[in-house]
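Encoded as structure tokens, the structure appears first; notes follow it.
Set out below in structure tokens:
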């Protein structure tokens, strides 16, 4: 009887230890249910207004119209207003010389002419003695169009115009202002660009004045005429001396010795 009680107590003790051991080995897992949380409202992003696209590219300036203006050879029709503007630039450049930059200016001036036109113009300038007079007398030549250029005739790739031009020849001793009527024929080069074929100048009126600090100088009879008379025709006929073809121009001022 006593042994039975002891064995019963031992079994009870062992069962209790096993239960305790199981409770220790398997701790209660926390509840997986998350506490109730309030759902935070999502931030509302205001709609983005699309700004108008700004073109960052700068506007392209219009091309400068001068003797370097390029026209593709495949261009068949040229606006008459372009021809007028180009002619005014080319003619004034043909009467714009600085004795200290004469050679450089002549090189640039060649672009204003067709090949045949430049040959005639340059030959006439050399023969007239005007280039030598500009250098020796230190003459500055400038010009500007004084009025409206008029197209007198137009046909395929060739235009004839008349321009009123004022030309001033000046050094430290004398100033000569010359009013000219310029008849110019414009054509197209092989490259498609414009070029002067022929330019003829006729005097309208001439004004002459001397600086107040120097006496009047007497124009020499052999100093040649102004470059306005040095525009021969660029045809197959030989170039003539402009001094004989356009009379009435004043002589260039002479150097006072």
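In mature numbering (1 follows the signal peptide of the UniProt record, and there is no 0), the protein residues as written are -22 to -1, 1 to 235. Note that beta-carbon positions come from the ideal geometry of N, C-alpha and C, so glycine has one too. If you're wondering where the values come from, they're calculated on a predicted model, not measured in any experiment.
*By a C-beta neighbour count over all protein chains shown, 10 Å radius and 16 as the cutoff for buried, is residue 125 buried or exposed?*
As a first step, residue 125 must be located in the chain shown, where it is residue number 147. Exposed: under 16 other Cβ atoms inside 10 Å.
*Assess, as a yes-or-no matter, whether the segment 143 to 159 is touched by the segment 36 to 50 under the definition of 3 or more beta carbon pairs within less than 8 Å.*
no
_Paired residues, beta bridge with residue 140 - DSSP_ = Counting from 1 along the chain shown, the entry for residue 140 is found at position 162. Secondary-structure assignment with DSSP links residue 140 through a beta bridge to 128 and 161.
*Rounded straight-line distance, which links the Cα of residue 172 to that of residue 160*: Translated into positions along the chain shown, residue 160 becomes position 182. Translated into positions along the chain shown, residue 172 becomes position 194. Cα to Cα, the separation comes out at about 17 Å.
*Where does residue 130 land, buried or exposed, given buried means 16+ other C-beta within 10 angstroms?*
As a position in the chain shown, residue 130 is number 152, starting the count at 1. Classification for residue 130: exposed.
*Tell me where the alpha helix (DSSP H) around residue 61 begins and ends.*
As a working note, residue 61 is residue 83 in the chain shown. Run containing residue 61: 58 to 71, per the alpha helix (DSSP H) assignment.
*Residues bridged to residue 172 [DSSP beta-bridge criterion]*: If you number the chain shown from 1, residue 172 lands on position 194. According to DSSP, which records beta bridges pairwise, residue 172 is partnered with 166.
*Helix, strand or coil for residue 111, going by three-state DSSP, please let me know.*
Working through the chain shown from its first residue, we reach residue 111 at position 133. Correct three-state label for residue 111: helix.
*Proximity below 8 Å, CB of residue 82 to CB of residue 127*: Mapped onto the chain shown, residue 82 falls at position 104. Mapped onto the chain shown, residue 127 falls at position 149. The criterion of a C-beta distance shorter than 8 Å is not satisfied by residue 82 and residue 127.
*Quick one: what does DSSP say residue 36 is sitting in, helix, strand or coil?*
Taking the first residue of the chain shown as 1, we reach residue 36 at position 58. Looking at residue 36 - three-state DSSP - the assignment turns out to be coil, as it is neither helix nor strand.
*Beta-carbon gap between residue 123 and residue 143 smaller than 8 Å*: For the purposes of this step, residue 123 is identified with residue 145 of the chain shown, where counting begins at 1. For the purposes of this step, residue 143 is identified with residue 165 of the chain shown, where counting begins at 1. Yes, these two residues count as a Cβ contact at 8 Å.
_Closest by C-alpha distance to residue 162, when choosing among 170, 179, 110 and 148_ = Numbered from 1 along the chain shown, position 184 holds the residue referred to as residue 162. Comparing Cα positions, the closest option is 179.
*By DSSP, does residue 97 sit in helix, in strand, or in coil?*
Locating residue 97 in the chain shown gives position 119, counting from the first residue. It is helical.
*Report yes if the CB atom of residue 69 is closer than 8 Å to the CB atom of residue 157, and no otherwise.*
Locating residue 69 in the chain shown gives position 91, where the first residue counts as 1. Locating residue 157 in the chain shown gives position 179, where the first residue counts as 1. Contact flag unset, no.
_Could you check whether residue 45 and residue 71 sit closer than 8 Å to each other, using their CB atoms as the reference points?_
Against the chain shown, residue 71 aligns to sequence position 93. Against the chain shown, residue 45 aligns to sequence position 67. Going by C-beta atoms, residue 71 is nearer than 8 Å to residue 45.
*To the nearest angstrom, report how far apart residue 109 and residue 97 are at their CA atoms.*
One-based indexing of the chain shown puts residue 109 at position 131. One-based indexing of the chain shown puts residue 97 at position 119. Straight-line Cα distance between these residues: approximately 15 Å.
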